[in-house]
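Residues 1 to 202 (my numbering) are what the sequence shown spells out, left to right.
Don't be surprised by glycine CBs; every beta carbon is placed ideally from N, CA and C.
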Amino acid sequence: MQLTDLIKKCYNEIPIMENRGNPWNIIADLESIITAQIATLSKSEYHVHNQIAIHKTAIVESGAVLKPYAIIGKNCTIKAGAYLRNGVYLTQNVTIGANCEIKQSIIFSASRTAHLNYVGNSMIGSDVNLEAGAVLANHFNEIPNKTVRLNYMGNVIDTQSLKFGAIIGDRSRIGANAVLNPGTVLSPDSVVGRLVHVDQMK
């Protein structure tokens, strides 16, 4: 899988990701990637405390909760009630809406989660929009074999991971209350309608 086919500028925005393997390997190693990246950040540009780095132009509203490990890039906005945990990397100009939970995920430039979204163990490309209530699920609790598999270009790939969400290509649009199964891969400019359940393994 060539991640740049889905998220064109991923290695330009986070060069430290390159040569880290497949997207699910990167997500699994996200805490260590963030730790290494924080060590390189300019203290004149970022507030850094307890393995959380927030760019001085970013806005974090009262009531938002950020847990280690996290990098919040230039001109990002995190609204009240948002909960970021287990390794979150927002590159720049990203908006996390009210009462969203982002867990162990990377969100690239100018993407937006509206409100009441869950994004788990996922990669979201640039200029992606999630409408209210959209869920990027990261775990199967309803089937015996919980290992996440991807169907990418007709090939089934076993991630050998019990937790992996979605890879969302640049400029995609996810409608309100849509649910994306673990292992969903969306090409750039994809549109998922409101209330749609995406299961690419059927």
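Original post:
Quick check: the region 190 to 199 against the region 27 to 40, are there 3 or more CB pairs under 8 Å?
Top reply: By the Cβ test, the region 190 to 199 is not in contact with the region 27 to 40, since fewer than three Cβ pairs between them sit closer than 8 Å.
Original post:
Fully enclosed by the region 56 to 121, which beta strand (DSSP E) runs are 3 residues long or longer?
Top reply: Contiguous beta strand (DSSP E) elements confined to the region 56 to 121 occur at 70 to 74, 83 to 92, 101 to 107 and 118 to 120, taking only those with 3 or more residues.
Original post:
Which whole-angstrom value describes the C-beta separation of alanine 137 and asparagine 99, a residue pair presumed to lie in contact below a C-beta threshold of 8 Å?
Top reply: No, alanine 137 and asparagine 99 are not in contact; Cβ-Cβ is about 18 Å, not under 8 Å.
Subject >> Cβ-based neighbour list, alanine 166, same chain, cut-off 6 Å, excluding 5 preceding and 5 following >> reply: Ser122, Leu136, Leu180 and Thr184.
**OP:** Starting from the Cα of arginine 171, find the closest Cα among Asp199, Thr77, Ser126 and Ile59 and give me that residue.
**Re:** Of the listed residues, the one whose Cα sits closest to arginine 171 is Ser126.
**OP:** Label glutamine 104 either buried or exposed according to how many other C-beta atoms from any shown protein chain fall within 10 Å of its C-beta, with 16 as the threshold for buried.
**Re:** When all chains shown are included, glutamine 104 counts as buried.
Subject >> Secondary structure of methionine 1, DSSP reduced to three states >> reply: Look at methionine 1 here: in three-state DSSP terms it is coil, with no helix or strand label.
**OP:** Would you mind working out which of Lys79, Val88, Leu186 and Gly97 sits nearest methionine 153, comparing C-alpha positions?
**Re:** Residue nearest to methionine 153 within the set Lys79, Val88, Leu186 and Gly97 is Leu186 (criterion: CA-CA distance).
Original post:
What is the residue span of the alpha helix (DSSP H) that leucine 30 lies within?
Top reply: For leucine 30, the enclosing alpha helix (DSSP H) begins and ends at 30 to 38.
Original post:
Roughly how many angstroms separate the alpha carbons of tyrosine 118 and cysteine 76, rounded to a whole number?
Top reply: Taking the straight line from one Cα to the other gives about 18 Å.
Original post:
Looking only at C-alpha atoms, which of Gln37, Ala53, Lys9 and Gly81 sits nearest to isoleucine 16?
Top reply: Of the candidates Gln37, Ala53, Lys9 and Gly81, the residue whose Cα lies closest to the Cα of isoleucine 16 is Gln37.
Original post:
Name the DSSP beta bridge partners of histidine 49, please?
Top reply: Partner(s): Ile52.
**OP:** List the whole-angstrom C-beta distance separating alanine 28 from serine 190, where the pair is believed to meet the contact cut-off of C-beta under 8 Å.
**Re:** Not a contact, Cβ separation roughly 24 Å.
Original post:
Can you pull the DSSP bridge partners for asparagine 129?
Top reply: Residue pairing for asparagine 129: DSSP places it in a beta bridge opposite Arg112 and Arg173.
**OP:** Would you mind working out which of Met201, Asn19, Trp24 and Val198 sits nearest isoleucine 106, comparing C-alpha positions?
**Re:** Of the listed residues, the one whose Cα sits closest to isoleucine 106 is Trp24.
Subject >> Paired residues, beta bridge with alanine 222 - DSSP >> reply: Absent from the structure is residue 222, since the part of the chain shown begins at 1 and ends at 202.
Original post:
Which same chain residues, not among the five before or five after alanine 80, have their C-beta less than 7 Å away from its C-beta?
Top reply: The beta carbon of alanine 80 sits closer than 7 Å to the beta carbons of Glu61, Ser62, Gly63, Ala64 and Ala98 from its chain, once the five residues preceding and following it are set aside; these are given in chain order.
Subject >> Expected contact under 8 Å - CB spacing of glycine 73 and leucine 90 to nearest Å >> reply: The pair is a contact, with the Cβ atoms about 5 Å apart (cut-off 8 Å).
**OP:** To the nearest angstrom, report how far apart leucine 150 and valine 88 are at their CA atoms.
**Re:** Answer to the nearest angstrom: the Cα atoms are 22 Å apart.
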